[in-house]
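Chains as they are written, first to last, in this note's numbering: chain A, 1 to 130; chain B, 1 to 130. Glycine included, C-beta positions come from ideal geometry on N, C-alpha and C. Nothing here was measured: the structure is a model prediction, and the numbers come from that model. I have placed the structure first, in the form of structure tokens, so that the comments after it can refer back to it.
2 protein chains.
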Amino acid sequence: MFHIDALSRKPIYEQIVEQIERFVLTGLLKPGEQIPSVRSLSIELSINPNTIQKAYSELDARGIIRSVPGKGCFICENAPAVLTEHKRGKLSDLTRTIEELALAGIEKKEIEECVEKAYANILRKGEAGE
Amino acid sequence: MFHIDALSRKPIYEQIVEQIERFVLTGLLKPGEQIPSVRSLSIELSINPNTIQKAYSELDARGIIRSVPGKGCFICENAPAVLTEHKRGKLSDLTRTIEELALAGIEKKEIEECVEKAYANILRKGEAGE
DNA sequence: CTATGTGTACTATTCCACATAGTACAGCTA
DNA sequence: TAGCTGTACTATGTGGAATAGTACACATAG
């Protein structure tokens with residue numbers, strides 16, 4: 001289910017956060033559902049429990065999961081909505097990224113091709129899911 | 001001319017690399033032109049000379065500047081072209097970024113607005129420059 | 001030639017984020 | 001009671017980033 005790239009410069013706990021967020025968006029993890037325990041996931045991935053907890057704390061702070069001591073961690077009901085708004089806040093970053101490409105002489109058409117390609121890929125998955 | 005954000009998680013040497021690349025793209029630094037010396041820039045920015053050199057070594061390796069011992073560092077003739085190709089190689093990253101936004105439920109229209117906005121901003125600068 | 005400024009190459013040190021190791025405590029539940 | 005859960009804490013090791021200081025070779029103005 002999970003896949004960790006130990007050679008990546010991206011911290012392990014961030015990789016876990018991103019993958020769980022992705023699982024929520026793809027429907028692999030649904031609101032209310034329980035996610036693997038800190039210890040079981042640490043064993044499955046051969047990673048220190050502290051690293052898993054750091055990822056879970058981050059997800060808890062973002063409102064993606066809720067941690068219940070003694071029971072486990074569960075996907076929040078409004079996790080998908082939270083993620084949508086979180087991503088919407090990054091549109092300004094996207095604009096700045098595209099500005100850099102435009103400044104470097106990348107044609108507008110090339111950017112539009114990226115947009116088309118991205119939404120074409122997502123549509124396939126969306127049709128299958130619903 | 002330069003501006004360093006000491007609080008940024010982005011390394012100082014990377015900030016310098018990005019700013020010089022940006023100066024090349026905006027025409028503030030033209031091919032053949034000499035850039036500040038390692039020592040003078042380190043004094044101007046109150047930064048260790050080793051950090052400046054690390055940035056210059058990176059720019060040299062990328063083919064943006066050429067370092068001439070005893071004389072100084074100069075912008076390469078084909079630096080703009082090198083930068084354009086370098087940015088073109090990052091279009092796949094852009095596609096992946098947009099895919100994440102699309103998966104999170106961001107409307108295609110919102111992305112297209114970012115593209116329009118980015119190219120509108122660049123056009124203004126382009127008209128003024130040439 | 002001399003002095004100064006240039007890029008470059010080292011070593012040593014400090015700092016901090018990341019990850020690990022180990023222990024401990026409190027709450028839930030079969 | 002036993003075993004699972006989340007959580008908190010200290011200690012340690014690692015690696016990148018940045019600093020400090022020194023040294024060498026080259027170019028140029030005086």
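- Taken through DSSP and simplified to helix, strand or coil, residue 23 of chain A comes out as helix.
- Residue contact with chain B for residue 78 of chain A: absent (no Cβ-Cβ distance below 7 Å to any residue of chain B).
- Taking one beta carbon from each stretch, the stretch 68-80 of chain B and the stretch 12-30 of chain B have 3 or more pairs nearer than 8 Å; the two touch.
- No Cβ-Cβ contact shorter than 7 Å links residue 61 of chain A with residue 98 of chain B.
- Sorting B/45, B/92, B/75 and B/71 by C-alpha distance to the C-alpha of residue 59 of chain B places B/75 at the top.
- Judged by beta-carbon spacing, residue 17 of chain A lies within the 7 Å limit of residue 55 of chain A, meaning their Cβ atoms are closer than that value.
- Residue pairing by DSSP places residue 66 of chain B opposite B/74 in a beta bridge.
- With fewer than three CB-CB distances shorter than 8 Å, the stretch 83-102 of chain B does not count as touching the stretch 32-42 of chain B.
- Residue pairing by DSSP places residue 52 of chain A opposite no residue, since no beta bridge is assigned to it.
- Rounded to whole angstroms, residue 111 of chain B and residue 23 of chain A show a C-alpha spacing of 23 Å.
- An exposed status is given to residue 120 of chain B, since fewer than 16 other beta-carbon atoms sit within 10 Å of its beta-carbon.
- Within the DSSP bridge table, the entry for residue 34 of chain B names B/74 as partners.
- Inclusion of residue 73 of chain A and residue 64 of chain A in the CB contact set at 7 Å is not warranted, their separation being larger than that value.
- By the criterion of a C-beta distance shorter than 8 Å, residue 2 of chain B is surrounded in its chain by 16, 19, 41, 44 and 45, once the five residues flanking it on both sides are discounted.
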